[in-house]
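In the numbering used here, the protein residues as written are 5 to 223.
Quick reminder that beta carbons are idealized off the backbone N, C-alpha and C, glycines included.
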Amino acid sequence: MIRVAVVDDEPVVRTGLRVILGSAQDITVVADCAGVGAVEAVRDGRVDVLLLDIRMPVVDGPAVLRQVAALPRPPAVAMLTTFDAREHVDEALRLGAAGFLMKNTAPEQLIDAVRALAAGRRVLAPEAVGQVIDGYLLSGRDEDAVRRVRALTDRERQVLALVGAGLSNRAIAGRLHLAHGTVKDHVSAVLAKLGGLNRVQAAVVADRANMVGTGPGRR
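Now the structure itself:
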């Protein structure tokens, strides 16, 4: 069973997410609260995934994420964002957010995202791409990473383009007709060559390099 905590300052949002996630047989919401109670909700290490509002009035998402990341057994954290929260995105990336989801993400996509996070993967909802890119650009530090794209092999560039399109390793393997393990190796090499970025940051770099939508098999 995947154990989830939901942190948002709006009770109606917390209730909605609890209902959606509760409809999945393999997911249970073990805690929901506003930002003030977030760290205590996950401190015991029994939470697998934390869905965290990126902007809250008393304690904002990045502040919570900073404290959660310092715990001995932190959960995977996905930030819940809106179209007007870009100023917090870069900080959340630097603090190790494993994903970004819009608050109005479709129920099926939200459930799939939680499963992916629990499995150690990173998630980036298509609707959140613009927010992540804008927030990342505010830091003014993506130029070096974009230049490193030129050092990638052709195959690695193909893989990066598909990562930027939001595909999982298994989906990339199917698109490129490669073994799943081979794709994992390529993704690891790409992230290393880009300067140790995580998957979400690499997706941003792919977009900035105009690579998204250029991968093989695009329809």
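Query, Result
"By how many angstroms is the C-alpha of VAL127 removed from the C-alpha of LEU99?", "15 Å"
"Shortest alpha-carbon distance to ALA165 belongs to which of ALA123, LEU69, ALA213?", "ALA213"
"Quick one: residues in its chain with C-beta nearer than 6 Å to the C-beta of ARG203, no 5 flanking neighbours on either side, listed in chain order?", "ARG126"
"On the DSSP bridge list, what partners appear for ASP36?", "VAL10"
"Assuming ARG7 contacts ARG50 under a Cβ cut-off of 8 Å, what Cβ separation, rounded to an integer in Å, is found between them?", "6 Å"
"Starting from VAL53, follow the beta strand (DSSP E) in both directions and report where the run begins and ends.", "53 to 57"
"If we call anything under 8 Å between Cβ atoms a contact, is LEU54 one with VAL81?", "yes"
"Between the beta-carbon of ALA74 and the beta-carbon of VAL46, is there less than 8 Å?", "no"
"Can you find the residues in the same chain that come closer than 7 Å, C-beta to C-beta, to VAL191, ignoring five residues on each side of it along the sequence?", "VAL163, VAL167, ASN173"
"Just list the residues that DSSP pairs LEU128 with in beta bridges.", "PHE104"
"Using the Cα positions of GLY103 and LEU84, report the straight-line distance between them to the nearest angstrom.", "9 Å"
"If you draw a straight line from the alpha carbon of ALA42 to that of VAL11, how long is it in whole angstroms?", "6 Å"
"When DSSP labels each residue in this structure, what does MET215 get in the three-state scheme?", "coil"
"Assign ALA73 to one of three DSSP states: helix, strand, or coil.", "helix"
"Using beta carbons (cut-off 8 Å, strictly below), is VAL167 in contact with chain C?", "The structure shown contains no chain C; it holds only a single protein chain."
"Compute the Euclidean distance between the alpha carbons of GLU160 and GLY178, then round it to the nearest angstrom.", "15 Å"
"Using the beta-carbon count (16 or more within 10 Å), is ALA155 buried or exposed?", "exposed"
"If you measure between the beta carbons of GLY39 and VAL72, is that distance less than 8 Å?", "no"
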